[in-house]
Amino acid sequence: MGDALEQAKKTIPAEIHMISGCRDEQTSADVSNVASFSLPDPAGRAGGALTSCLLNVTYKDHENTGKDLSFQDTLLKVREQLKMKGYSQIPELSSSRPMDIHTKFDLVPDNMTGTRRAVMIGINYVGDNPGELRGCHNDVLNMKSYIKGVHGFQEENITVLMDDGKHLSPTRANILAAYRKIVSESQSGDVVFCHYSGHGGKLRDDNGDEKDGFDETLVPVDYKTAGQIRDDDLYDVLVAPMKAGVFATFIMDCCHSGTVLDLPYAFFADGEHSEMQLQEGFDFSPLLSFAAAYMASQQAGDDPVNSLLRACGACILQ
1 MGDALEQAKK
11 TIPAEIHMIS
21 GCRDEQTSAD
31 VSNVASFSLP
41 DPAGRAGGAL
51 TSCLLNVTYK
61 DHENTGKDLS
71 FQDTLLKVRE
81 QLKMKGYSQI
91 PELSSSRPMD
101 IHTKFDLVPD
111 NMTGTRRAVM
121 IGINYVGDNP
131 GELRGCHNDV
141 LNMKSYIKGV
151 HGFQEENITV
161 LMDDGKHLSP
171 TRANILAAYR
181 KIVSESQSGD
191 VVFCHYSGHG
201 GKLRDDNGDE
211 KDGFDETLVP
221 VDYKTAGQIR
231 DDDLYDVLVA
241 PMKAGVFATF
251 IMDCCHSGTV
261 LDLPYAFFAD
271 GEHSEMQLQE
281 GFDFSPLLSF
291 AAAYMASQQA
301 GDDPVNSLLR
311 ACGACILQ
């Protein structure tokens, strides 16, 4: 455990938690070719189910002045609500550090007194049949009200991307730019919250770092021309460069989301697990190579974007 923890600290400086809608094996059809990709028919899919169930549980917990729910309690209650709605998906909590899942569920720990920033993305894929969704915009608006009302996030520090013609469009470039911005602005003591509600996908692994042979992806609104956002992209842009001392929480309400941030520790709310564990077969080697290349580039005086590009290039050459 100690050796793994030291490697985790080297590869992911920040404390990052992610609640995902389902485990990787609970997926729709695998997709291996960007050019032939089409959105799945949402009929029967648990679109928005994680967000609505999580908000229901956390609002009730906030209103109850008695015993606070733990991370484990929260995920198990979310799982119960999903089952009642007829969904078989199992929510997952993953983390950059081993954590006690019996501690109080909170997006803003008491010792985090800095700025609270958020990036919130809801994509309905308007007019895209058969993959158009209906609830993702509402997911974002409901979650935004929750983090403002319960956790004190301020409007000026919340970036919203939705394909509604009123907000910044959730294109691939805009999503990655929003993630880069929140990473660059956030300092030790700050809190980051990112919420994604939309389609998730899978593509053939293009660099050999996936045990199952597939990269998990987010699907931007312009996926047909710009492509999907791989888990490797999210790690490079959002996870690895997040500074030490930042506390970040991600809610990924989409298919194929279990390891979309490539975090080393996980708890599955399946009723069989009672502790967070190091993910079986988790390989730190690619992450350590990336971290070393990124740090060397930073020490050489490169700006963060150039550092990321150099680090990615170094890992590909290996």
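So the sequence shown is numbered by the UniProt record's numbering: it starts at 1 and just counts up by one. Idealized CB from N, CA, C, for every residue including glycine.
Going by C-alpha positions, His62 is about 8 Å away from Val150.
No Cβ-Cβ contact shorter than 8 Å links Ala266 with Leu76.
About 6 Å separates the beta carbon of Ile19 from that of Leu93, a gap short enough to meet the 8 Å contact definition. Counting C-beta atoms within 10 angstroms of its own C-beta, Ala173 has fewer than 16 neighbours from the protein chains shown and is therefore classed as exposed. Bridge pairing for Asp253: Ser197 [DSSP]. Classified as exposed, Ala244 has fewer than 16 neighbouring CB atoms from the shown chains inside 10 Å of its CB. Per DSSP, Val237 is not a residue of any beta strand (DSSP E), being assigned neither H nor E.
Within the same chain, and ignoring the five residues on either side of Leu5 in sequence, the residues whose Cβ sits closer than 8 Å to its Cβ are Arg97, Pro98.
Judged by their CB atoms, Leu176 and His167 are not nearer to each other than the 8 Å cut-off. In this structure, the straight-line span from the alpha carbon of His102 to that of Ala178 is close to 33 Å. In the three-state scheme derived from DSSP, where H, G and I count as helix and E and B as strand, Tyr265 is classed as strand. Going by C-alpha positions, Leu50 is about 6 Å away from Asp253.
In the DSSP assignment, Leu69 falls outside any alpha helix (DSSP H), carrying neither H nor E. Contact between Pro264 and Ala8 holds, with the beta-carbon distance rounding to 5 Å and staying under 8 Å.
Residue burial is scored here from C-beta neighbours: Gln187 has fewer than 16 other C-beta atoms within 10 angstroms and is therefore classed as exposed.
When the alpha-carbon of Val183 is set against those of Phe247, Ile121, Ser257, the nearest one is in Phe247.
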